[in-house]
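Please read the structure below before turning to the comments.
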Amino acid sequence: MTSAFGAIFRVLEQGLVYAVMAVGVYLSSRVLDFPDLTVDGSFPMGAAIAARLLVGGVHPLMATLFAPVAGFFAGAATGMLNTKLRISNLLAGILTMTALYSVNLRVMGRANVPLLRTDTVLTLIQDMGMPPMISAFLLFCMVTVIVKFLVDSFLRTEFGLALRATGDNEGMIRSLGVNTNSMKIVGIGIANALVALSGALVAQYQGFADIGMGIGTVVAGLASVIIGEAIISPRSVGMGTLGAIIGSVAYRICVFLALRLGFAPTDLKLVTAFLVIVALSGKSIKQGIGGERREAGRNVGTEVSM
Amino acid sequence: MLELKSLCKKFQSGTGNGRMALKDVSLSLQPCDFVTVIGSNGAGKSTLLNVIAGVFPVDSGQVIIDGQDVTYLPEHRRASVLGRVFQDPMQGTAGSMSIEENMAMALKRGERRGLSRGVLARDRDYFRQQLSSLGLGLEDRLLEPVKLLSGGQRQALALLMATLSKPKLLLLDEHTAALDPRTAQEIQELTNGIVGQGNLSVLMVTHNLRLALAVGTRTIMMHEGEIVLDVSDPERSEMTVSDLLERFHDARGERLSDDRILLEV
Numbered sequence: 048m049t050s051a052f053g054a055i056f057r058v059l060e061q062g063l064v065y066a067v068m069a070v071g072v073y074l075s076s077r078v079l080d081f082p083d084l085t086v087d088g089s090f091p092m093g094a095a096i097a098a099r100l101l102v103g104g105v106h107p108l109m110a111t112l113f114a115p116v117a118g119f120f121a122g123a124a125t126g127m128l129n130t131k132l133r134i135s136n137l138l139a140g141i142l143t144m145t146a147l148y149s150v151n152l153r154v155m156g157r158a159n160v161p162l163l164r165t166d167t168v169l170t171l172i173q174d175m176g177m178p179p180m181i182s183a184f185l186l187f188c189m190v191t192v193i194v195k196f197l198v199d200s201f202l203r204t205e206f207g208l209a210l211r212a213t214g215d216n217e218g219m220i221r222s223l224g225v226n227t228n229s230m231k232i233v234g235i236g237i238a239n240a241l242v243a244l245s246g247a248l249v250a251q252y253q254g255f256a257d258i259g260m261g262i263g264t265v266v267a268g269l270a271s272v273i274i275g276e277a278i279i280s281p282r283s284v285g286m287g288t289l290g291a292i293i294g295s296v297a298y299r300i301c302v303f304l305a306l307r308l309g310f311a312p313t314d315l316k317l318v319t320a321f322l323v324i325v326a327l328s329g330k331s332i333k334q335g336i337g338g339e340r341r342e343a344g345r346n347v348g349t350e351v352s353m
Numbered sequence: 005m006l007e008l009k010s011l012c013k014k015f016q017s018g019t020g021n022g023r024m025a026l027k028d029v030s031l032s033l034q035p036c037d038f039v040t041v042i043g044s045n046g047a048g049k050s051t052l053l054n055v056i057a058g059v060f061p062v063d064s065g066q067v068i069i070d071g072q073d074v075t076y077l078p079e080h081r082r083a084s085v086l087g088r089v090f091q092d093p094m095q096g097t098a099g100s101m102s103i104e105e106n107m108a109m110a111l112k113r114g115e116r117r118g119l120s121r122g123v124l125a126r127d128r129d130y131f132r133q134q135l136s137s138l139g140l141g142l143e144d145r146l147l148e149p150v151k152l153l154s155g156g157q158r159q160a161l162a163l164l165m166a167t168l169s170k171p172k173l174l175l176l177d178e179h180t181a182a183l184d185p186r187t188a189q190e191i192q193e194l195t196n197g198i199v200g201q202g203n204l205s206v207l208m209v210t211h212n213l214r215l216a217l218a219v220g221t222r223t224i225m226m227h228e229g230e231i232v233l234d235v236s237d238p239e240r241s242e243m244t245v246s247d248l249l250e251r252f253h254d255a256r257g258e259r260l261s262d263d264r265i266l267l268e269v
């Protein structure tokens with residue numbers, strides 16, 4: 048009983064800590080309509096920077112908060128490659144992601160940095176008297192709520208409206224005097240700041256930073272966003288970020304179930320990719336069937352009228 | 005108000021020859037001028053509007069708006085003085101955003117956008133009042149996403165947004181052409197009303213020759229990248245569509261053969 052309870056807690060913790068990343072992916076993929084692959088590099092970058100700083104004795108809070116700053120610049124780099132040098136959005140993300148692989152190795156100094164004997168944000172709040180059992184859950188809950196609140200408020204500011212319009216109708220908002228290139232650079236920057244923050248928290252949660260931990264992040268993020276949309280079909284910005292968070296938890300539950308079904312951890316990327324394909328094709332399959340049904344109905348109708 | 009000096013614009017074609025979209029176009033607009041622009045397909049009407057708005061640069065010549073040389077300014081830095089409505093109703097509004105959010109963005113035309121609240125409570129009353137002037141009942145639907153509106157409603161909103169922050173110059177690029185005749189007429193009436201209130205100059209591209217003579221204060225006809233005809237009131241108010249075609253014939257020594265321009269006469 049307690050082990051089952053513990054397992055559910057672990058799944059929720061994972062869902063919430065990755066939800067910060069999912070909100071970042073929501074920002075780039077949905078709000079800005081920019082398929083951003085930088086994420087696979089900025090996630091481990093957040094982890095690498097936090098790990099390196101923690102090992103160097105920096106205060107866990109400082110170490111964690113430095114990650115999103117670096118993440119912002121990584122995202123802004125992708126935005127600049129796309130807008131200033133006119134490299135396609137997918138390729139711009141791939142280029143930054145590839146470059147970040149080397150950067151991350153430099154930052155860490157090696158492929159894996161263990162954090163088991165260093166202070167982390169988690170040991171920090173445990174020292175404050177939080178029971179270890181629920182400390183991670185509460186911390187990640189708090190962080191996710193704060194991130195959601197900040198992102199929602201931001202998207203309702205004058206700047207946020209212009210950012211959303213850039214993703215919705217670029218020509219229109221440019222004709223209203225907005226430099227859409229700057230919007231994309233800042234928007235992708237903010238998205239990757241969130242991703243890097245998530246990476247920094249995940250590293251402290253799992254007790255190490257690893258050079259390979261970013262692989263598949265963007266697909267997991269997209270899976271979360273899509274699952275979230277399927278669950279709550281969001282109509283507003285607040286619902287959109289909530290969808291990403293719910294989707295992230297739901298995605299981790301799917302992963303947990305896949306493992307229970309006997310898939311090896313190494314199969315998870317395949318499972319994730321499959322999940323995204325199913326979620327994406329679900330809509331078109333539904334539309335396809337609906338279309339046929341409508342057509343059939345029309346045929347019936349004409350027969351009747353004859 | 006608007007001063008165009010010897011504008012030239014060439015588009016590269018695949019064959020390497022290129023096509024002159026604008027040939028030495030000069031035009032001067034006074035405040036409150038309402039100019040209708042006619043001409044067959046490919047005459048350079050839309051290119052002219054795009055060049056004024058700064059969508060793409062000119063090869064040579066000058067664009068001066070309200071005394072300021074904007075020839076080398078990018079599109080977003082010209083926005084504070086000019087409003088624009090496109091042919092496609094989808095183009096002028098952000099569909100996933102609410103009516104009030106769209107209007108709030110239009111109210112900040114050309115201004116810096118900071119981190120203060122996007123839609124302010126005091127703006128809402130102004131939006132409602134402006135929307136009720138359209139007579140479409142949109143004032144009660146401030147929070148609805150714009151994509152739920154019909155094409156005509158979206159175009160009316162786009163028109164309102166283009167003039168909300170009192171621009172000096174309004175560019176209308178066949179803004180009623182994609183609508184059904186009845187809605188097109190309604191939007192045109194709204195346009196005349198909005199233009200009548202504000203102290204602004206208007207360039208309106210249209211394919212409808214009768215309309216071109218019926219509204220505004222001046223009509224120019226473009227052909228193959230040049231302005232071939234430029235008539236103002238009171239002379240213009242006496243003219244009929246056949247006079248217009250006759251004048252074109254005199255100016256060019258050739259008959260207008262474009263089906264589309266004759267079709268809508």
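Residue numbers (this note's numbering), protein chains in the order written: chain A, 48 to 353; chain B, 5 to 269. A virtual CB, placed ideally from N, CA and C, is assigned to each residue, including glycine. Only a predicted model underlies this, so the values are computations on that prediction, with no experimental measurement involved.
Contact annotation: F81(A) and I235(A) have beta-carbon atoms nearer than 8 Å. In the three-state reduction of the DSSP assignment, D70(B) falls in the coil class, being assigned neither a helical nor a strand state. Residues of chain B with a Cβ closer than 8 Å to the Cβ of I220(A) are, in chain order, A98, M109. Taking a C-beta cut-off of 9 Å against chain B, none of the residues of the segment 102-123 of chain A qualify. Following the DSSP letters along the chain, one finds C188(A) inside the alpha helix (DSSP H) bounded by residues 179-202. Put simply, the CB of G207(A) is near chain B, with a gap under 8 Å to one of its CB atoms. With three or more CB-CB distances shorter than 8 Å, the segment 80-95 of chain A counts as touching the segment 116-127 of chain A. Taking one beta carbon from each stretch, the segment 163-180 of chain B and the segment 78-94 of chain B have 3 or more pairs nearer than 8 Å; the two touch. Between T167(B) and the set L146(B), A182(B), G155(B), S205(B), the nearest pair of CA atoms involves S205(B). Across the structure, L135(B) and E148(B) are spaced so that their CA atoms are roughly 13 Å apart. Uninterrupted alpha helix (DSSP H) stretches at least 4 residues long and entirely within the segment 86-113 of chain B occur at 103-111, given in chain order. About 21 Å separates the Cβ atoms of I274(A) and Y252(A), ruling out a contact at the 8 Å cut-off. The C-alpha of L185(A) lies about 42 Å from the C-alpha of A110(B). Closer than 8 Å to the CB of R203(A) there is at least one CB belonging to chain B. In the structure shown, the three-state DSSP call for L63(A) is helix. For A57(B), the residues of chain A that pass the 8 Å Cβ criterion are S222, in the order they occur in the chain. Inclusion of A83(B) and S229(A) in the CB contact set at 8 Å is not warranted, their separation being larger than that value.
Chain B places no beta carbon closer than 8 Å to that of D199(A), leaving this residue out of the contacts. For A212(A), at least one C-beta of chain B is nearer than 8 Å to its own C-beta. Cβ atoms of F131(B) and M165(B) stay farther apart than 8 Å, at about 10 Å.
Contact of K112(B) with chain A is assigned, a C-beta pair being separated by under 8 Å. Using a Cβ-Cβ cut-off of 8 Å, L153(B) does not count as an interface residue toward chain A, since no Cβ of chain A sits closer than that to its own. In the structure shown, D257(A) adopts extended strand secondary structure according to DSSP, grouped into three states. Using a Cβ-Cβ cut-off of 8 Å, Q134(B) is close to nothing in chain A; its nearest Cβ partner there is about 16 Å away.
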